[in-house]
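In the numbering used here, the protein residues as written are 2 to 378.
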């Protein structure tokens, strides 16, 4: 008898599995044609269970511990083998070790957007991604339903199946939660717990237990994200009047730094004066005391008369109001012509600036237009 034949003819007296991987769910103990010796030691470590299979039929299942393989420790296998009065000869049986520890960081995701109804945004399409953890709960059922005769079964062989189950179930669960879109990210823990409760029955059919589902990311359409950003900005601004004044001041500064031509500069100057007057009026109103002294009382001067202010039509748009000093500057700069339409309080309709008594004198101080140049001979 050759050396190899002699070695392979020896009986196996220790049955154990030392797992050096991070993703093996089931490992079949390799005998290489050897038989298991009567009285051999079976070592099942913590986080493992051992399943004996005889001729394709599941027999005994062993939890963590050290066992001596005898008739009394193999009741079902003894019945299948017909060992009514015990045995002392070697026997053949397939031994599958199942890892019962938790397998974590398994990824999942919705196979497509989930349509949810929201009171604020209407129908919204949402995507979700995350990780899940699971373990083998019933080794016999897992081998019977999933593993079959696979001698080395890893998480990669089943993760896609489980990932699909979670993704499809979340498409059912998310619309049923009734959680507003704006509150979804703050309810991911609750959403994960709901998924565990809803999906576990499907896992149990395979002999598995879903221990945790983490929702790590929720994807919203771009228009919804923009609406959320705008809503947050409006809430952060709070005082819209102060914000408008700030934006107006910034616009005046930008217009002064933008040399876009005489006409554009004139319009910008006019609008700038208008916005500046509006700002001054708004800030002046905010600084007025709540109770003004009665007019005509002893020692109280009469109110200062309000300056006359005109509105000017520029490019079909209403600008102003401007006081007389500002109007005079605009006329001298050529920004307001005689035929430019103006209006002030008390006027029945818009009127050409040259026909308004308060403004007509400003045009008289302007030099006449230059005469045409003679043609060059």
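Cβ coordinates follow ideal geometry from the N, Cα and C atoms, glycine included.
Quick caveat, the model's predicted, so the values are computed rather than measured.
Does the ligand NAD have even one heavy atom less than 7 Å from the beta-carbon of residue i?
| i | result |
| --- | --- |
| residue 76 | Ligands are entirely absent from the displayed structure, and the ligand NAD is therefore not among its contents. |
Look at residue i and residue j and say whether their C-beta atoms are less than 8 Å apart.
| i | j | result |
| --- | --- | --- |
| residue 208 | residue 146 | yes |
| residue 219 | residue 129 | yes |
| residue 210 | residue 131 | no |
| residue 29 | residue 97 | yes |
| residue 321 | residue 336 | no |
| residue 60 | residue 81 | yes |
| residue 40 | residue 71 | yes |
| residue 92 | residue 37 | yes |
| residue 125 | residue 222 | yes |
| residue 168 | residue 105 | no |
| residue 192 | residue 212 | no |
| residue 107 | residue 90 | no |
Just to confirm the assignment, what range does the alpha helix (DSSP H) spanning residue i have?
| i | result |
| --- | --- |
| residue 92 | Residue 92 -> no alpha helix (DSSP H), and no H or E assigned at all. |
| residue 360 | 358-365 |
Using the three-state DSSP reduction, which class does residue i fall into: helix, strand or coil?
| i | result |
| --- | --- |
| residue 319 | strand |
| residue 136 | strand |
| residue 22 | coil |
| residue 288 | Here residue 288 scores only 49 on pLDDT, less than 50, and its place in the model should not be relied on; the value that follows carries that caveat. Residue 288 falls in the helix class under three-state DSSP. |
| residue 143 | helix |
| residue 354 | helix |
| residue 383 | Any property of residue 383 remains undetermined from this structure, which presents the chain solely from 2 to 378. |
| residue 313 | strand |
| residue 225 | helix |
Over the uninterrupted beta strand (DSSP E) stretch that includes residue i, give me the two end residues.
| i | result |
| --- | --- |
| residue 328 | Per DSSP, residue 328 belongs to no beta strand (DSSP E); it is in the alpha helix (DSSP H), 325-333. |
| residue 40 | 37-45 |
| residue 342 | 342-344 |
| residue 51 | 49-55 |
List in chain order: all unbroken beta strand (DSSP E) runs of 3+ residues lying wholly within the stretch 149-219.
-> You should have 153-155.
At least 3 beta-carbon pairs within less than 8 Å: the stretch 108-128 vs the stretch 23-37 | No: fewer than three Cβ pairs fall under 8 Å.
List in chain order: all unbroken beta strand (DSSP E) runs of 3+ residues lying wholly within the stretch 61-134.
-> Counting only runs of at least 3 residues, the stretch 61-134 fully encloses the following beta strand (DSSP E) elements, listed from N- to C-terminal order: 66-69, 95-100, 104-110 and 115-119.
Does the count of Cβ pairs from the stretch 347-363 and the stretch 328-339 closer than 8 Å reach three?
-> In short, these stretches touch, since the Cβ pair count reaches three.
Looking at C-beta atoms only, is the number of pairs between the stretch 141-161 and the stretch 47-61 that lie closer than 8 Å three or more?
-> Yes, the stretch 141-161 is in contact with the stretch 47-61.
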